[in-house]
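>
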Amino acid sequence: MERSRVLLVDAAPGALLGRELERLLGHGLAVTLNLRRVADRAGARTDWGGRGGRVDFTDFDPFDEAALLAETVRDGLGHHAVKSRAGVPLRAAFLAGATRPGLAHPLRVIGRAGAGTDHVELAAAARHGVTVTHTPGSNAAAVAEFALAQLLALTRGLRSYDEAAHRGEWLAATAPPKELSELTLGIVGPGRIGLALAGRASALGMEVQAFSRRPAITSAPSAPDLASASGPDPAPASAPGPAPRPNGSLPDLLATSDVVSLHLPLTPETRGLIGRAELTLMRPGAILLNTARGGIVDEQALADALRDPAHPLAAAAVDTFEHEHAAFASPLFGLPNALLTPHVAGMTRTAMATAALRCADHIAALLAGRPEGIPVVTA
């Protein structure tokens, strides 16, 4: 029986690559590895191509839609599944081409090693019979820790002290900051990540409140315990603690929080959720953290607010942007009160291993016709 074919658009980095490949191969899948984002390409070819050709190879820019489609359907064969990690856009044109009649193996499954699926045109996937799976909760602890690091860096002014020290300047504190126990953290979106952050912030003495657009979960459900070819998944750490105090409206949360942290998916309903009007509502001296998705915040409005010394918003930490990767651009560039990072909040070794291995299990289960317990995203 012919094996199902999987295109690994962007593999797990470093030593995690081997674990991901072993997991996919252990499920009996035929793997094509895109080498473009693999650090040691020669080593990968030697390790995985030299063992009786266990893995096929290709090398293309996954953010080039034409190249992605060409490699997916190369020689008219096609791939039953594609797996992505970095949010490679999978739009209607790609989905139509990857499922077109005449392919030996039309696309059936898209796997995302991560929680967000806004890079996939879900309505088009549904039209073409492509199932989209992801790994919700796999990076909850990692993102929560990163948001806490953002919070601490901005509330204690670490970057300004660091920059001054590197210039040989002894920068004295002119306005001693409040301690965390004096601050209120407002979480917009108390899902898995939001709750993980709430537990950590509460443990440090912060008062935590949350606004949810839907009933909030109170604990992070675990992924299904699927059969593994290389051992169990590492489990994300949790941070037990009191549930955040619910706040009935977004305007009220913005007006009563010293720090606001966003933890929402990007949907038509959440796009532009934080704009000029919402930023104006924030408490004087407030800080905004965004480790969710760039499109949730109006970046131009945020930049204008940070440039205005009379605006209540004092600083922001942004890890996700409207335009990322090769298209990276933002009006926030150059602002000293904007802490910018390149979408790395969830990239810890444990989180990435969990996502990669869990995604491999999900893809294998769906291709084998075993959808029970597998998280699937619909339009």
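Numbering (this note's numbering), first residue to last: 12 to 390.
Cβ atoms here follow ideal geometry from the backbone N, Cα and C, with glycine treated the same way.
Predicted model, so just to flag it, every value in this text is computed and none were measured.
1) With a CB to CB cut of under 7 Å and the five nearest residues on each side skipped, what residues in its chain are close to T389?
2) What residues in its chain sit with their C-beta under 6 Å from that of G216, if we drop five residues either side in the sequence?
3) Can you tell me the Cα-Cα spacing of E383 and V143, whole angstroms?
4) Report buried or exposed for T128, applying the criterion of at least 16 other Cβ atoms within 10 angstroms of its Cβ.
5) Where does T185 land, buried or exposed, given buried means 16+ other C-beta within 10 angstroms?
6) Quick test of the definition: if touching needs 3 or more C-beta pairs under 8 Å, does the region 108-120 touch the region 353-360?
7) Looking at A376 and A124, is the spacing between their C-beta atoms short of 8 Å?
8) Whole-angstrom Cβ separation of F71 and R47, contact assumed at under 8 Å?
9) Quick one: what's got a C-beta closer than 6 Å to G200's C-beta in the same chain, skipping five residues either side?
10) Quick check: the Cα distance between L208 and E156, rounded to an integer number of angstroms?
11) Short check: CB of A104 to CB of E76, under 8 Å?
12) Hey, is the region 161-171 in contact with the region 342-351, meaning 3+ C-beta pairs nearer than 8 Å?
13) Which same chain residues end up closer than 6 Å to N150 when comparing Cβ atoms and leaving out the 5 residues on each side of it in sequence?
14) Taking the C-alpha atoms as reference points, what is the distance between H334 and G306?
15) To which residues of the same chain is S268 closer than 6 Å at the C-beta, ignoring the five residues directly before and after it?
16) Could you check what DSSP says for S260 in three-state terms: helix, strand or coil?
17) At what residue ranges does the region 43-106 contain a whole run of the alpha helix (DSSP H), taking only runs of 4 or more?
18) By the three-class DSSP mapping on this structure, what secondary structure does S233 have?
19) Go ahead and label H373 buried or exposed: buried means 16 or more other beta carbons lie within 10 angstroms of its beta carbon, across all protein chains shown.
20) Rounded to whole angstroms, what's the CA-CA distance from A212 to R256? Just pull it up for me.
21) To the nearest angstrom, how far is the alpha carbon of P386 from that of A23?
22) Mind checking which residues open and close the alpha helix (DSSP H) that includes L351?
23) If contacts are defined as beta-carbon pairs under 8 Å, then M293 and L265 qualify, I think. What distance do you get, rounded to the angstrom?
24) Could you pull out every residue in the same chain whose Cβ sits closer than 8 Å to the Cβ of E401, ignoring the five residues on either side in sequence?
25) So, T83 versus L32, is the Cβ gap smaller than 8 Å?
26) Short check: CB of C370 to CB of T146, under 8 Å?
27) I'd like to know whether the C-beta atoms of L80 and G39 end up nearer to each other than 8 Å.
28) Pull up the distance between the alpha-carbon of V10 and that of A135, whole angstroms please.
29) Just to confirm the assignment, what range does the alpha helix (DSSP H) spanning A337 have?
30) Out of curiosity, what's the CA-to-CA distance linking P295 and L378?
31) Of the choices G259, E174, G210, whose alpha-carbon is the least far from that of S223?
32) Let's see if you can read the secondary structure: which residues bound the beta strand (DSSP E) around E218?
33) Compute the distance between the beta-carbons of A92 and G122, then report whether it is under 8 Å.
34) Can you give, in chain order, each stretch of the alpha helix (DSSP H) that sits fully within the region 262-322 and has at least 4 residues?
35) State the start and end residues of the unbroken alpha helix (DSSP H) segment that holds T144.
36) Is the beta carbon of G29 sitting closer than 8 Å to the one on A50?
Let me spell this out:
1) Locating residue 389 in the sequence shown gives position 378, where the first residue counts as 1. Correct list, in chain order: L133, A137.
2) Numbered from its first residue, the sequence shown carries residue 216 at position 205. Once the five neighbours on either side are set aside, the close Cβ partners of G216 are L191, S192.
3) Counting from one through the sequence shown, the residue named residue 383 turns up at place 372. Counting from one through the sequence shown, the residue named residue 143 turns up at place 132. Roughly 14 Å separates the two Cα atoms.
4) For the purposes of this step, residue 128 is taken as the residue at position 117 of the sequence shown. Counting other Cβ atoms within 10 Å of its Cβ, T128 reaches 16 or more and is therefore classed as buried.
5) Here the question's residue 185 lines up with position 174 in the sequence shown. T185 is exposed by the Cβ-count criterion.
6) Result no; under three Cβ-Cβ pairs closer than 8 Å.
7) Along the sequence shown, one-based indexing puts residue 124 at 113. Along the sequence shown, one-based indexing puts residue 376 at 365. The beta carbons of A124 and A376 sit no closer together than 8 Å.
8) Here residue 71 is taken as the residue at index 60 of the sequence shown, counted from 1. Here residue 47 is taken as the residue at index 36 of the sequence shown, counted from 1. Between F71 and R47 a beta carbon distance of about 6 Å is seen, short of the 8 Å cut, so the two are scored as contacting.
9) Within the sequence shown, numbered from 1, the residue matching residue 200 stands at position 189. For G200, same chain residues with a beta-carbon under 6 Å away, outside a window of 5 residues either side, are H274, L275 in chain order.
10) Looking up residue 208 in the sequence shown gives position 197. Looking up residue 156 in the sequence shown gives position 145. Straight-line Cα distance between these residues: approximately 7 Å.
11) As a working note, residue 104 is residue 93 in the sequence shown. As a working note, residue 76 is residue 65 in the sequence shown. Annotated as proximal: A104 and E76, with beta-carbon spacing under 8 Å.
12) At 8 Å Cβ cutoff, the stretches touch.
13) On the sequence shown, position 139 is the one that residue 150 refers to. If we look at N150 and ignore the five residues flanking it on each side, its Cβ neighbours are G357, A362.
14) Here residue 334 refers to the residue found at position 323 when the sequence shown is read from its first residue. Here residue 306 refers to the residue found at position 295 when the sequence shown is read from its first residue. A straight-line Cα-Cα distance of about 9 Å links H334 and G306.
15) Here residue 268 corresponds to residue number 257 of the sequence shown, with the count starting at 1. Result list for S268: T195, G197, in chain order.
16) If you number the sequence shown from 1, residue 260 lands on position 249. DSSP places S260 outside both helix and strand once states are collapsed to three, so it counts as coil.
17) Entirely contained in the region 43-106, the alpha helix (DSSP H) runs reaching 4 residues are, in chain order, 52-60, 76-83.
18) Position 222 of the sequence shown holds residue 233. For S233, the predicted model reports a pLDDT of 39, less than 50, meaning its position is unreliable and no value from the coordinates is stated.
19) Numbered from its first residue, the sequence shown carries residue 373 at position 362. Buried is the call here.
20) The count along the sequence shown starts at 1 and reaches residue 212 at position 201. The count along the sequence shown starts at 1 and reaches residue 256 at position 245. About 13 Å.
21) Position 375 of the sequence shown, counted from the start, is the residue given in the question as residue 386. Position 12 of the sequence shown, counted from the start, is the residue given in the question as residue 23. Cα-Cα distance, rounded: 20 Å.
22) In the sequence shown, counting from the first residue as 1, residue 351 sits at position 340. No alpha helix (DSSP H) contains L351, which is instead part of the beta strand (DSSP E) from 349-351.
23) Numbered from 1 along the sequence shown, position 282 holds the residue referred to as residue 293. Numbered from 1 along the sequence shown, position 254 holds the residue referred to as residue 265. 5 Å between Cβ atoms; contact.
24) Only positions 12 to 390 of the chain appear in this structure, which leaves residue 401 out of reach.
25) Within the sequence shown, residue 83 is the residue found at index 72, counting from 1. Within the sequence shown, residue 32 is the residue found at index 21, counting from 1. The Cβ atoms of T83 and L32 lie no closer than 8 Å to each other.
26) Counting from one through the sequence shown, the residue named residue 370 turns up at place 359. Counting from one through the sequence shown, the residue named residue 146 turns up at place 135. With respect to T146, C370 sits close: the two C-beta atoms are nearer than 8 Å.
27) Taking the first residue of the sequence shown as 1, we reach residue 80 at position 69. Taking the first residue of the sequence shown as 1, we reach residue 39 at position 28. Judged by their CB atoms, L80 and G39 are not nearer to each other than the 8 Å cut-off.
28) Nothing can be reported for residue 10: it is not among the residues displayed for the chain, which extend from 12 to 390.
29) Position 326 of the sequence shown, counted from the first residue, corresponds to residue 337. Unbroken run through A337: none, as it is neither H nor E.
30) Position 284 of the sequence shown, counted from the start, is the residue given in the question as residue 295. Position 367 of the sequence shown, counted from the start, is the residue given in the question as residue 378. Approximately 53 Å, taken between the alpha carbons.
31) Counted from its first residue, the sequence shown places residue 223 at position 212. The shortest Cα separation from S223 among G259, E174, G210 belongs to G259.
32) Here residue 218 refers to the residue found at position 207 when the sequence shown is read from its first residue. DSSP places E218 in the uninterrupted beta strand (DSSP E) bounded by 218-222.
33) Counted from its first residue, the sequence shown places residue 92 at position 81. Counted from its first residue, the sequence shown places residue 122 at position 111. In this structure, G122 lies closer than 8 Å to A92 by Cβ.
34) Taken in chain order, the complete alpha helix (DSSP H) segments of 4 residues or longer contained in the region 262-322 are 287-291, 310-318.
35) Numbered from 1 along the sequence shown, position 133 holds the residue referred to as residue 144. Annotation for T144: no alpha helix (DSSP H) segment contains it, though the beta strand (DSSP E) segment containing it runs 142-144.
36) By 1-based counting over the sequence shown, the position of residue 29 is 18. By 1-based counting over the sequence shown, the position of residue 50 is 39. Not in contact: G29 and A50 (Cβ atoms no closer than 8 Å).
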